[in-house]
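Inspection log for the structure reproduced underneath, given as C-alpha cells.
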C-alpha cells in the first residue's frame, strides 16, 4: 500500500467539501481516506494499492490543486483590491466575485491552461516524490508565478468592469434622452451593407439615409465619427416607435447591435425575409 498525506491548517473545511464530492462520485478511484487532527492542523491520509496508485495520485493532485487555486484567487483578489483606490467597497466586492467566477475552473471542469502548468503539474511531481504536501505552505511559497499572472488578469477584470459600468451609464443616458423625444416616425428600417454602411428607410421603405444625415448629423463636427454613432444619433432624434433590422445582422458591429437591443428592447425586431432582403439595394 502507498500512503499520501495532505496537511493543512486553514483549508481543511474546503478540502473536506471537495473530497466528499469526489467520494460521492461512483466512477472515481480515490483510495481509502482518514483524517487526523494535530492541534490546529489537519492531516488527511489516503491509502492506495499499487494497481490504483496512478489514478489516486491524479485525483489527489486535482483535489489539492482545486483548493489552492480557489484559495489563492480569493486571497489575492482581496489583498489587491484592498489597496486599490479607484473603486468603492461595493464595487470591489463585485470585481472580486467576477474575478473568482471567471478564473476559478476546477480540474474536473477542464481547468485553465495557466493553472494546469503552474499548479497541477508541479503538485503531481511533488506527490510522486514525497507522497505528501502542505496546502498552506504551498500557497505561501509555491504560487509566486501564478500571482504574477493574476496581477495582469485582475487589472483586466477591473478595466472590463469599469467599461461595463460606463456602458450602463451611457445606455441609461440614451434611454433618458430617448424618453424625452417625441416619435417622428412610426417605423425605421435598418439595412446593413457588407462594406459597413447602414441604410435608413422609412415605413414606406423609402431610402431616407441622406436626408436623415443632413438633417441630424450636419452639426456633428467630428470627422472620425463612425457610421454606427451617426445612426444611433439619428435614431435617438427620430425616436421611431419600431426599428426593424433587415438582411444579415452579421454585417452589423456587435457592440452597436447590443446598444440597439438595450435602447429599443421590444421595439426592435428582425425581418425574416422581405423583397428588400432578397434583392440588393
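In full-length UniProt numbering, the protein residues as written are 1 to 281. Backbone N, C-alpha and C define an ideal beta-carbon position, used for all residues, glycine too. Please read these numbers as outputs of a predicted model, since none were measured by experiment.
Who are the near neighbours of residue i in its chain, counting only those whose CB is closer than 6 Å to its CB and skipping five residues on each side?
i, result
"residue 143", "72"
"residue 228", "253, 256"
"residue 115", "69"
"residue 55", "29"
"residue 80", "154"
Less than 8 Å between the CB atoms is what I'm expecting for residue i and residue j, so what's the real figure, rounded?
i, j, result
"residue 31", "residue 12", "With a Cβ gap of about 18 Å, residue 31 and residue 12 do not count as contacting."
"residue 242", "residue 162", "About 34 Å; that fails the 8 Å criterion."
"residue 64", "residue 2", "Wrong, their Cβ atoms sit about 16 Å apart, outside the cutoff."
"residue 141", "residue 67", "Not quite, the Cβ-Cβ distance comes to about 16 Å (not below 8 Å), so this is no contact."
"residue 69", "residue 113", "Not a contact, Cβ separation roughly 13 Å."
"residue 263", "residue 175", "7 Å"
"residue 220", "residue 259", "At roughly 17 Å, the Cβ-Cβ gap does not stay under 8 Å, so residue 220 and residue 259 are not in contact."
"residue 271", "residue 245", "7 Å"
"residue 124", "residue 61", "5 Å"
In three-state terms, what does DSSP make of residue i?
i, result
"residue 254", "helix"
"residue 220", "coil"
"residue 297", "Nothing about residue 297 can be reported from this structure: the residues present for the chain run from 1 to 281 only."
"residue 192", "strand"
"residue 215", "helix"
"residue 181", "coil"
"residue 59", "helix"
"residue 207", "strand"
"residue 142", "coil"
"residue 226", "coil"
"residue 134", "strand"
"residue 8", "strand"
"residue 272", "coil"
"residue 29", "coil"
"residue 245", "strand"
"residue 38", "strand"
Going by other Cβ atoms of all chains shown within 10 Å of its Cβ, with 16 needed for buried, is residue i buried or exposed?
i, result
"residue 211", "exposed"
"residue 101", "exposed"
"residue 240", "buried"
"residue 59", "buried"
"residue 218", "exposed"
"residue 4", "buried"
"residue 194", "exposed"
"residue 130", "exposed"
"residue 172", "exposed"
"residue 88", "exposed"
"residue 119", "buried"
"residue 92", "buried"
"residue 35", "exposed"
"residue 198", "buried"
"residue 139", "buried"
"residue 165", "exposed"
Give every residue of the same chain whose Cβ lies closer than 8 Å to the Cβ of residue i, excluding the five residues on either side of it in the sequence, and list them in chain order.
i, result
"residue 158", "84, 86, 87, 95"
"residue 261", "268"
"residue 9", "40, 41, 42, 136"
"residue 149", "114, 118"
Could you name the residues of the same chain whose beta carbon sits closer than 7 Å to that of residue i, not counting the 5 residues immediately before and after it, in chain order?
i, result
"residue 145", "118"
"residue 170", "none"
>> Check whether the segment 175-184 and the segment 232-252 are in contact - that is, three or more C-beta pairs closer than 8 Å.
In response: With a cut-off of 8 Å, the segment 232-252 and the segment 175-184 count as touching, because enough Cβ pairs lie within range.
> Should the segment 74-90 be called in touch with the segment 150-161, which here means at least 3 C-beta pairs below 8 Å?
Replying inline: At 8 Å Cβ cutoff, the stretches touch.
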